[in-house]
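Chemist: In this note's numbering, the protein residues as written are 6 to 512.
Every residue gets a Cβ at the ideal spot worked out from N, C-alpha and C, and that includes glycine.
These figures come from a predicted structure and were not determined experimentally.
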Amino acid sequence: MMKKVKAAISPTREENYPLWYQQVIKAADMAENSEVRGCMVIKPWGYTLWENIQKNLDVMFKETGHENAYFPLFIPKSFFEKEAEHVEGFAKECAVVTHSRLEDDGKGGLKPAGKLTEELIVRPTSETIIGASFSKWVKSYRDLPLLINQWANVVRWEMRTRLFLRTTEFLWQEGHTVHETKEDALEETFKMLNVYVVFAEKFLAIPVIKGEKTESERFPGAVSTFSIEAMMQDKKALQSGTSHFLGLNFARASNIKFQNKEGCEEYAWTTSWGVSTRLIGALIMAHSDDNGLVLPPRIAPLHVVIIPIYRDKNEHKEVMGFIDQLTKKMKSLRFDDNKIRVKVDDRDMRGGEKLWEWIKKGVPIRLEIGPRDIESNSVFMGRRDKQPNEKQSMNSDKFLKNITSILEEIQNNIFQRALQLRDENTMNIDKKDEFYNFFTPKNKKNPEIHGGFANSHWCGSSDCEEKIKNDLKVTIRCIPLEAEKEKGKCIYCGKESDKRVLFAKAY
Ligand SMILES: [Zn+2]
């Protein structure tokens, strides 16, 4: 019988999901709260994840014709004011720079001085400041499409923050594009939404639903907003990326005009799209278990960690020699286009302690190698997609031959598990009382846990949407693009509807 192992993370998901989330981050040493309220310090293990997200997304952006550029952190208030809905949407979370220096306050401290003639907003998003450049760059239809991406930090003053999910300052990318026609801009909006779908599913192993946002959840100033939505293990939805069709709104605000083929001047069509460090929050909540982080190999900072097992100096030398040969061979192999990322943990610590550290950090493959393994030319392997004590001895040549397929299998298992969770907790619901019951937590000790995703009919009225939100804290996450037309009745008011929409509690 297998010995029951106590979970490494306390509390467990079942006991207290929000606290479990914090503990996973802490145990994996990914990030911490900073001295600055609402801002996080991203530690190397968390930052490498972000770098891997960046690297892979950046390739996809470039393959679709985009180039990177960089724009100012500060936006003059007057730029911001040009788009009325935009300013209204962001007004409550803007950090405003009002002074340019400090001077002696005569009481042993400092006071701000050098009041600016125009206040500067620390960018919460860059449509208006990038628009100012675009208005100069775009002259003729020959300059279009203009396809730009920026990797940057942004600030949105948040009252209630949570590492990676909601922080006052966060890292992201924001794509901004300009097009000749409405059709071109719409095509770009969907193209980038699909880039996010592929990235989330292939790299992060998170299945997502793509759809359009309702008016109440639309990006301030956009004509339409599309998003990808993922189910977390507490069955809540996490919006994991957005793509906006901005129509002519921002072109009018920033005066982005071009001369068309007929020689007439007209406003251009623009889009914007982004994902942020929130994806790391999604990664944690979609896959991790009660022993800590679980990382899909394609995004993991390390694919393999090797722990040498020895009793004395002689054994140490022998074991390290074997490991050296093995890692050399491993590093010459490739998983996708990347070298196998391997680390030998030769710290002066107990082997068991090291093992648990790497389990909590979510490394896909752990190898323990000692004199007995060397004798039989084998490795002792543990996989993060399996139980910690479910280990397997494997001939080391066979291991090398199969390493990429093992990584592929782990990636796949993690995706399938997330997909299964979502499928098991998604229901078509047509009765109002059933809908209300579905979203009512059954376990009083853990009020976060409820039914999951409901596909239900909606008449299209923001009034019904608002009432459901007030009653249950449930919102329409999106109107799925792949939903089929189907006659039905609004889950709230009973009026005619021709499509189901996705209802869920959300982060
Ligand atoms: Zn209704």
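Find out if the Cβ-Cβ distance for the pair ILE233, ALA205 is shorter than 8 Å.
Modeler: It is a contact, given that the beta carbons lie within the stated cut-off.
Chemist: As a quick check of your reading: which residues have a C-beta less than 6 Å from at least one non-hydrogen atom of ligand 1, in chain order?
Modeler: Listed along the chain, these residues meet the criterion: CYS464, SER466, CYS469, CYS495, TYR497, CYS498 and LYS500.
Chemist: For the alpha helix (DSSP H) that ARG482 lies in, which residues bound it at each end?
Modeler: Counting along the chain, ARG482 falls outside any alpha helix (DSSP H), though it belongs to the beta strand (DSSP E) covering 480-485.
Chemist: Taking TYR272 as part of the beta strand (DSSP E), name the residues at either end of that continuous run.
Modeler: Per DSSP, TYR272 belongs to the beta strand (DSSP E) from 270-272.
Chemist: Since I believe LYS120 is in contact with HIS104 (beta carbons under 8 Å), could you give me their beta-carbon distance rounded to a whole number of angstroms?
Modeler: Indeed, because the Cβ distance is near 6 Å, the residues count as touching under 8 Å.
Chemist: Would you decide whether ASN400 is buried or exposed? Buried here means 16 or more other CB atoms lie within 10 Å of its CB.
Modeler: Result: exposed.
Chemist: So, does the stretch 234-241 touch the stretch 97-117, judging by three or more C-beta pairs under 8 Å?
Modeler: At 8 Å Cβ cutoff, the stretches do not touch.
Chemist: Mark GLU174 as exposed unless 16 or more other C-beta atoms lie within 10 angstroms of its C-beta, in which case mark it buried.
Modeler: Counting Cβ neighbours within 10 Å, GLU174 comes out buried, since at least 16 surround it.
Chemist: Under 8 Å, do THR219 and ILE481 count as touching if we go by C-beta distance?
Modeler: Result yes, Cβ atoms of THR219 and ILE481 sit closer than 8 Å.
Chemist: In this structure, what does DSSP give as the bridge partners for SER229?
Modeler: SER229 is bridged to PHE250.
Chemist: How would you label PRO49, buried or exposed, when you count the other beta carbons within 10 angstroms and need 16 or more for buried?
Modeler: When all chains shown are included, PRO49 counts as exposed.
Chemist: Does the stretch 23-33 come close enough to the stretch 286-306 that 3 or more CB-CB pairs lie under 8 Å?
Modeler: Contact holds: three or more Cβ-Cβ distances are below 8 Å.
Chemist: Three Cβ pairs or more, each shorter than 8 Å: is that satisfied between the stretch 121-132 and the stretch 69-85?
Modeler: In short, these stretches touch, since the Cβ pair count reaches three.
Chemist: Buried or exposed for GLY456, please, with buried defined as at least 16 other CB atoms from any protein chain shown within 10 angstroms of its CB.
Modeler: That one is buried.
Chemist: Is PHE175 helix, strand or coil by DSSP?
Modeler: Residue state, collapsed to three classes: strand.
Chemist: Starting from ASN158 and walking both ways along the beta strand (DSSP E), at which residues does that stretch end?
Modeler: First-last of the beta strand (DSSP E) with ASN158: 151-160.
Chemist: How long is the line joining the alpha carbons of PHE340 and GLU188, rounded to whole angstroms?
Modeler: Their Cα atoms are separated by approximately 38 Å.
Chemist: Shortest alpha-carbon distance to CYS498 belongs to which of GLU491, GLU470 and ALA511?
Modeler: Answer by Cα proximity: GLU470.
Chemist: With distances taken from CA atoms, which of LYS504, ASN448 and ILE58 is nearest LYS490?
Modeler: Nearest option by C-alpha distance: LYS504.
Chemist: Just to confirm the assignment, what range does the alpha helix (DSSP H) spanning ASN57 have?
Modeler: ASN57 -> alpha helix (DSSP H) spans 49-68.
Chemist: Leaving out five residues before and five after LEU405 in sequence, what residues of the same chain have Cβ atoms less than 6 Å from its Cβ?
Modeler: Here the set comprises LYS334.
Chemist: By DSSP, does ILE415 sit in helix, in strand, or in coil?
Modeler: Here ILE415 sits in helix by DSSP.
Chemist: Kindly indicate the opening and closing residues of the alpha helix (DSSP H) around GLY94.
Modeler: Here the alpha helix (DSSP H) through GLY94 covers 89-95.
Chemist: Counting Cβ pairs closer than 8 Å, one from the stretch 247-261 and one from the stretch 163-179, do we hit at least three?
Modeler: No contact exists between the stretch 247-261 and the stretch 163-179.
Chemist: What does the alpha-carbon distance come out to for the pair ASP353 and ALA13?
Modeler: In a straight line, the C-alpha of ASP353 is about 22 Å away from that of ALA13.
Chemist: Report all residues from its chain with a CB closer than 6 Å to the CB of PHE580; omit the five preceding and five following residues, and keep chain order.
Modeler: Nothing in the structure corresponds to residue 580, since the chain is present only between 6 and 512.
Chemist: Would a C-beta distance cut-off of 8 Å place THR5 and THR194 closer than the cut-off?
Modeler: No statement about residue 5 is possible, as the shown extent of the chain runs from 6 to 512 and does not include it.
Chemist: Could you give the residue range of the beta strand (DSSP E) that holds ASN433?
Modeler: Per DSSP, ASN433 belongs to the beta strand (DSSP E) from 431-433.
Chemist: For ASP109, write down the residues that DSSP places opposite it in a beta bridge.
Modeler: Bridge partners of ASP109: LEU115.
Chemist: In this structure, how does DSSP classify VAL384 when only helix, strand and coil are distinguished?
Modeler: Note: VAL384 maps to strand in three-state DSSP.
Chemist: How is SER15 classed by DSSP in three states: helix, strand or coil?
Modeler: Coil, per DSSP.
Chemist: Check whether the Cβ atoms of ASP342 and PRO313 lie closer than 8 Å to each other.
Modeler: No, Cβ-Cβ distance for ASP342 and PRO313 is not below 8 Å.
Chemist: Is the CB of GLU380 under 8 Å away from at least one CB in chain D?
Modeler: Here there is only one protein chain, and chain D is not present.
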